[in-house]
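Have a look at the structure below before the remarks.
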Amino acid sequence: LKVPNVQSSIMGSTICDRHRRPSSILYWPPLPPLYFLLCSFLIFMSYVRTPRHCNFPQCAKVAKARGFCIAHGGGKQCSVENCTTSAVSRGLCVAHGGGKRCASEGCDKSAQTGGHCWIHGGGKKCNVDGCVKRAQSGGCCIAHGGGKRCSVLGCHKVVQYSGLCVGHGGYRQCTSGACHRRALSNGRCRRHRGANYCQMCSCKLKSGDGLLCEAHAALSSLTNTTSSPEPLSPLMQSPTSISMLQQLLGRTCLVNGCHRFAKIQDQCILHATHDA
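Take the sequence shown: its position 165, counted from the start at 1, is 165 in full-length UniProt numbering, and no numbers get skipped.
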């Protein structure tokens, strides 16, 4: 069908654009490439989750698992019994054999850069000539200005925790109630039985592998068994340690007002020789 007195359109069509029937398909103008870039970015960001922070008080590190960072027990823990440190490899922490080991024969310490531990030359050294100390941030050791410094104005001490040195509160606080003292191992201060301290009241000695210090362990052995106790270590054979054990055992001189340990016939040496 031709419409008279109307100039034909291009592309060989016999009907011009003015008299052409409207098509049922809508043709949109081409979109700029920036539009597709923006859509792709929005789709990508919808899948990215905001990292959660550690639930430990005053800790700004990213949480790994169970709401805590690696330093506070997050992530996969070491498979060794009673060890709460995060596992590095093979289900073990660095202290129990996880991670790479030193390449030197007979050395089982953790390997640093170079495949060796610090003792056998591994790790990055200080950039100062003649200095063999361990390099911190900045390429130098702490003595030569390496490492982060305290954020308090005028303080040049090394950062220990939360951007502060120990003197300005850069340490983990005790988790026992409202205590603000410095936490040792297991998150408690010394007063609240942090680290491996004796469980006896008011005792400030370390307990070693057990629950009691060596003095209280020896006391328990003397009072709870009838057989001869195990020999004491050289540290416990000192006069101070023996005196403490004697006072704890309560075997003092029978003379009223005398608190010396009974040596001869339930009397101290002074009263025993004086009576003789």
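Each residue gets a CB set at the ideal place from its N, CA and C atoms; glycine is no exception. Bear in mind the structure is a predicted one, so any value in this text is a computation, not a measurement.
query: K125 bridges to which residues according to DSSP?; result: R134
query: Would R66 be called buried (16 or more neighbouring beta carbons within 10 Å of its own) or exposed?; result: exposed
query: Using a Cβ-Cβ cut-off of 8 Å (strictly less than) and excluding sequence neighbours within five positions of G74, which residues of its own chain qualify?; result: C54, A63, K64, A65, R66, G67, F68 and S86
query: Could you tell me the distance, in whole angstroms, from the CA atom of S137 to the CA atom of V128?; result: 14 Å
query: Pick from L270, I269, G170 and P30: whose alpha carbon is nearest that of P57?; result: G170
query: Out of K61, C213 and T113, which has the shortest C-alpha to C-alpha gap to A71?; result: K61
query: Given a threshold of 16 other Cβ atoms within 10 Å of its Cβ, counted over all protein chains shown, does Q265 qualify as buried or as exposed?; result: exposed
query: As an exercise, report each continuous alpha helix (DSSP H) stretch of at least 4 residues that is fully enclosed by the segment 60-99, in chain order.; result: none
query: Look at A103 and A95 and say whether their C-beta atoms are less than 8 Å apart.; result: no
query: To the nearest angstrom, report how far apart F41 and R52 are at their CA atoms.; result: 22 Å
query: Give me the residue from P32, L37, A272 and C59 with the minimum Cα distance to S162.; result: C59
query: Just the Cα atoms here: how many angstroms apart are R134 and H116?; result: 13 Å
query: Among the candidates V158, R188 and K157, whose CA atom is the shortest distance from the CA of R172?; result: R188
query: Apart from the five residues just before and just after G99, which ones in its own chain have a Cβ nearer than 7 Å to its Cβ?; result: V88, S89 and S110
query: Going by beta carbon distance, what residues of the same chain come within less than 8 Å of C155, once the five residues before and after it are set aside?; result: R149, C165, G167 and H168
query: Within this structure, are the beta carbons of T113 and K125 separated by less than 8 Å?; result: no
query: On the criterion of 16 or more Cβ atoms from any shown chain inside 10 Å, does C39 qualify as buried, or is it exposed?; result: exposed
query: What is the DSSP secondary structure of V166, reduced to helix, strand or coil?; result: helix
query: Assign G122 to one of two classes, buried (16 or more other C-beta atoms within 10 Å of its C-beta) or exposed (fewer than that).; result: buried
query: Buried or exposed for H271, please, with buried defined as at least 16 other CB atoms from any protein chain shown within 10 angstroms of its CB.; result: buried
query: Which partner residues does V159 have in the DSSP bridge list?; result: Per DSSP, none; premise fails for V159.
query: Rounded to a whole number of angstroms, what is the C-alpha to C-alpha distance between P30 and G145?; result: 59 Å
query: To which residues of the same chain is T226 closer than 8 Å at the C-beta, ignoring the five residues directly before and after it?; result: Any reading at T226 needs caution, since the residue's pLDDT is 37, under 50, leaving its predicted position unreliable; the model's value is listed next. Same-chain partners within the cutoff: there are none.
query: List the DSSP bridge partners of Q173.; result: R182
query: Name the DSSP bridge partner or partners of S110?; result: R101
query: In chain order, what residues of the same chain have a beta carbon less than 7 Å from the beta carbon of I142, not counting five sequence neighbours either side?; result: Q136 and V158
query: If you reduce the DSSP assignment to three classes, tell me which class I119 lands in.; result: coil
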